[in-house]
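A.B. asks:
Protein chains: 2
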Amino acid sequence: MNPTRPIAVLGGTGPEGFGLALRWAQAGETVIIGSRDAKRAQDAGEKIKQRAGVSAKVSGDENSVASYAADIIVLTIPFEGHATLLKQVKPSIRPGTTVIDATVPLAASVGGRATRTLGVWQGSAAQQAAELVPKGVSVVAAFQNLGAELLNAEGPVDCDVIVCGDDPKANQVARTLAIKIPGVRAIDGGKLENARILEQITALLIGLNIRHKGYSGIRITGLPPSAYEVV
Amino acid sequence: MNPTRPIAVLGGTGPEGFGLALRWAQAGETVIIGSRDAKRAQDAGEKIKQRAGVSAKVSGDENSVASYAADIIVLTIPFEGHATLLKQVKPSIRPGTTVIDATVPLAASVGGRATRTLGVWQGSAAQQAAELVPKGVSVVAAFQNLGAELLNAEGPVDCDVIVCGDDPKANQVARTLAIKIPGVRAIDGGKLENARILEQITALLIGLNIRHKGYSGIRITGLPPSAYEVV
Chain Z
1432 MNPTRPIAVL
1442 GGTGPEGFGL
1452 ALRWAQAGET
1462 VIIGSRDAKR
1472 AQDAGEKIKQ
1482 RAGVSAKVSG
1492 DENSVASYAA
1502 DIIVLTIPFE
1512 GHATLLKQVK
1522 PSIRPGTTVI
1532 DATVPLAASV
1542 GGRATRTLGV
1552 WQGSAAQQAA
1562 ELVPKGVSVV
1572 AAFQNLGAEL
1582 LNAEGPVDCD
1592 VIVCGDDPKA
1602 NQVARTLAIK
1612 IPGVRAIDGG
1622 KLENARILEQ
1632 ITALLIGLNI
1642 RHKGYSGIRI
1652 TGLPPSAYEV
1662 V
Chain D
1432 MNPTRPIAVL
1442 GGTGPEGFGL
1452 ALRWAQAGET
1462 VIIGSRDAKR
1472 AQDAGEKIKQ
1482 RAGVSAKVSG
1492 DENSVASYAA
1502 DIIVLTIPFE
1512 GHATLLKQVK
1522 PSIRPGTTVI
1532 DATVPLAASV
1542 GGRATRTLGV
1552 WQGSAAQQAA
1562 ELVPKGVSVV
1572 AAFQNLGAEL
1582 LNAEGPVDCD
1592 VIVCGDDPKA
1602 NQVARTLAIK
1612 IPGVRAIDGG
1622 KLENARILEQ
1632 ITALLIGLNI
1642 RHKGYSGIRI
1652 TGLPPSAYEV
1662 V
């Protein structure tokens, strides 16, 4: 992947998006933090530079501006803002963009628990996204199961990233981004419809974190080496 | 756990139940294979003895007879037979029995794919089971994510078993059984309602097995040692 292809992380001022942006900036990628508030996005970019080094290619801008400037858009927003944001930025998503959805429809979005998910009519947040992006734009589900605390800590993460989507090229873009995060193995998880399972796993992991006081992740065992994409 | 407490594995002539029964027989537990056909159950018991040794405490019987003789009942049946079997054996489940449900509501049950699950009104097969057992009998969800091929192979499995249920004592029974299988770490996964996630993970793992030609399992990373019950 060309490291100059800009990655817009919408919701990148939140802990999950910030952590992903940080990891990609550390890996030399060009990252644009997206936020409703351009100033907050720029501030988050500055914070990332403080950790990733002054040569890190990080900036911040309003969500639509960030989207238009990007070849890859990563959604790391609370589910309650998911459809609204996609409708808002839709005119700014250029053809050929890869949209990677890390959103989890936690019941916390409607005042419920973060250990439960909402039923999404399309099957998953990522499938909802697929309905809302312009034609010719592919949606990939990934990164739901990488906890923000792990991403924002130092050192490798002990987690696999399962990537689901209907466009093999877009899936490859997401897997290539995944393995930029030290410790991550990327695994092709099949069609976008499987996103519903990835999203629910997050609710399970949040429950484990609360119950056992940790920062859990998952590893998939038992597959041949060819199944695991690594650096 | 008292190793003389009999474990009835209903559906124990199928690959999943057979594999669990084999592992527990090898660990010195008393196992009764349950089947619609007592003769088939006995034959499966004989096969287990051939692998676990003549001193293995394994027998086979009709499902209701096996249930009545057991302190622990493990359900390893295709989802299409789940409710029917539970209604049939209900009068034979004694108070204080622990019912461990490993059933996954795969769409294959209605002619669909094994990589998709059916929606179960109660939320999961295990919650359906909880509605169908006699009062005073606890249902625990576990073992859905341990593939039959792994159980029937030699040596340790590279998998964690997440145990979900509403009765802490019954959950402990299931975790104690889980760690009798070499390689398994047992993890408290919270309430029975979380069974829906465990069941869906199986569909994901089946998809990974097909796509990547392997026998996948999951490990949970990032929790403190106290979260992992091991031998």
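From first to last, the protein sequence lines are chains Z and D.
Residues in the first sequence are numbered from 1432 upward in steps of one, following my numbering.
Residues in the second sequence are numbered from 1432 upward in steps of one, following my numbering.
The beta-carbon is built from N, C-alpha and C at its ideal position, and this holds for glycine as well.
#1: Would you kindly report the start and end of the unbroken alpha helix (DSSP H) that includes Z/Ile1641?
#2: Could you pull the start and end residues of the alpha helix (DSSP H) that D/Arg1606 belongs to?
#3: Roughly how far, in whole angstroms, is the beta-carbon of D/Arg1495 from the beta-carbon of D/Ser1523, given that I think they are within contact range, below 8 Å?
#4: Between which two residues does the alpha helix (DSSP H) harbouring D/Glu1447 extend?
#5: On a CA-only basis, which of Z/Gly1484, Z/Ala1539, Z/Thr1633, Z/Pro1526 is nearest Z/Ala1601? Give me that one, please.
#6: Could you name the residues that DSSP lists as bridge partners for D/Val1568?
#7: Can you tell me where the beta strand (DSSP E) holding Z/Arg1650 begins and where it ends?
#8: Against D/Leu1625, what residues of chain Z qualify as contacts under a CB-to-CB distance less than 7 Å, listed in chain order?
#9: Using the rule of at least 16 other Cβ atoms within 10 Å of the residue's Cβ for burial, across every protein chain shown, is D/Ala1560 buried or exposed?
#10: Report all residues from its chain with a CB closer than 6 Å to the CB of D/Ala1497; omit the five preceding and five following residues, and keep chain order.
#11: Using only the alpha-carbon positions, how far apart do Z/Pro1613 and Z/Gly1445 sit?
#12: Whole beta strand (DSSP E) runs in the stretch 1470-1543 of chain D with 3 or more residues, listed along the chain?
#13: Could you work out which residues of chain Z lie near D/Thr1652, taking near to mean beta carbons separated by less than 8 Å?
#14: How would you write the range of the beta strand (DSSP E) that Z/Ala1617 sits in, first residue to last?
#15: Counting only Cβ pairs nearer than 9 Å, list the residues of chain D close to Z/Ala1658.
#16: Please classify Z/Ala1584 as buried or exposed, where buried requires at least 16 neighbouring CB atoms within 10 angstroms.
#17: For Z/Cys1595, which residues does DSSP report across the bridge?
#18: Taking just the CA atoms, how far does D/Asp1619 sit from D/Gln1575?
#19: Compute the Euclidean distance between the alpha carbons of D/Trp1552 and D/Gly1484, then round it to the nearest angstrom.
#20: Using only CA atoms, which one of D/Pro1599, D/Val1530, D/Gly1448, D/Ala1545 lies nearest to D/Leu1636?
#21: What's the C-alpha gap between Z/Leu1441 and D/Ile1632?
#22: Rank Z/Val1570, Z/Asp1502, Z/Pro1599 by C-alpha distance to the C-alpha of Z/Thr1528 and give the top, closest one.
#23: Quick check on Z/Ala1545: does DSSP put it in helix, strand or coil?
#24: Establish whether the CB of D/Gln1631 and some CB of chain Z are separated by less than 8 Å.
#25: If I measure Cβ to Cβ from D/Ile1531 and keep anything under 6 Å in the same chain, skipping five residues before and after, which residues do I get?
#26: In the DSSP assignment, the beta strand (DSSP E) including Z/Leu1441 goes from what residue to what residue?
#27: Apart from the five residues on each side of it in sequence, which residues of its chain come closer than 6 Å, Cβ to Cβ, to D/Gly1491?
#28: Per DSSP, which residues does D/Ser1466 bridge with? Please list them.
#29: Let me check one thing: in DSSP terms, what residues is D/Tyr1659 bridge-paired to?
#30: Assuming Z/Gly1586 contacts Z/Gly1648 under a Cβ cut-off of 8 Å, what Cβ separation, rounded to an integer in Å, is found between them?
#31: One question on the structure: do Z/Arg1616 and Z/Tyr1659 come within less than 8 Å of each other, judged by their Cβ atoms?
#32: Measuring only between beta-carbons, confirm whether D/Gly1620 sits less than 8 Å from chain Z.
#33: So, helix, strand or coil for Z/Leu1623, using DSSP?
#34: Which residues mark the beginning and the end of the alpha helix (DSSP H) in which D/Leu1577 is found?
#35: Would you please state the rounded distance, in angstroms, between the beta carbons of Z/Leu1563 and Z/Ala1514? I believe it to be under 8 Å.
C.D. replies: Per the coordinate set shown:
#1: Where Z/Ile1641 is concerned, the enclosing alpha helix (DSSP H) stretches over 1626-1643.
#2: 1599-1609
#3: Arg is not the amino acid found at residue 1495 of chain D; the sequence shown has Ser there. Their Cβ separation, rounded to whole angstroms, is 4 Å, which keeps D/Ser1495 and D/Ser1523 in contact under 8 Å.
#4: Here the alpha helix (DSSP H) through D/Glu1447 covers 1446-1457.
#5: From the listed residues Z/Gly1484, Z/Ala1539, Z/Thr1633, Z/Pro1526, the smallest Cα separation to Z/Ala1601 is found for Z/Pro1526.
#6: BP columns for D/Val1568 are empty, so no partner.
#7: 1648-1652
#8: Sequence check: residue 1625 of chain D is Asn here, not Leu. Within 7 Å Cβ-Cβ: Leu1635, Gly1638.
#9: buried
#10: The answer, listed in chain order, is Ala1439, Ile1463, Gly1465.
#11: When rounded, the distance between both Cα atoms is 21 Å.
#12: Counting only runs of 3 or more, we get 1489-1493, 1503-1506, 1529-1532.
#13: Asp1589, Cys1590, Ser1647, Gly1648, Ile1649, Arg1650
#14: 1616-1619
#15: Leu1639, Arg1642, His1643, Lys1644, Gly1645, Ser1647
#16: exposed
#17: Z/Ala1572
#18: 14 Å
#19: 43 Å
#20: Selected option, being the one with the closest Cα: D/Ala1545.
#21: 28 Å
#22: Z/Asp1502
#23: coil
#24: yes
#25: Val1505, Val1571, Ala1573, Ala1605
#26: 1438-1441
#27: Ile1464, Ala1472, Gln1473, Ala1475, Gly1476
#28: Under DSSP, the beta-bridge partners assigned to D/Ser1466 are D/Glu1493.
#29: D/Ile1618
#30: That pair is no contact at about 13 Å.
#31: The answer is yes: Cβ separation under 8 Å.
#32: yes
#33: helix
#34: Segment: none, D/Leu1577 is in no alpha helix (DSSP H) and carries neither H nor E.
#35: With a beta-carbon spacing of about 6 Å, Z/Leu1563 and Z/Ala1514 fall inside the 8 Å limit used to define contacts.
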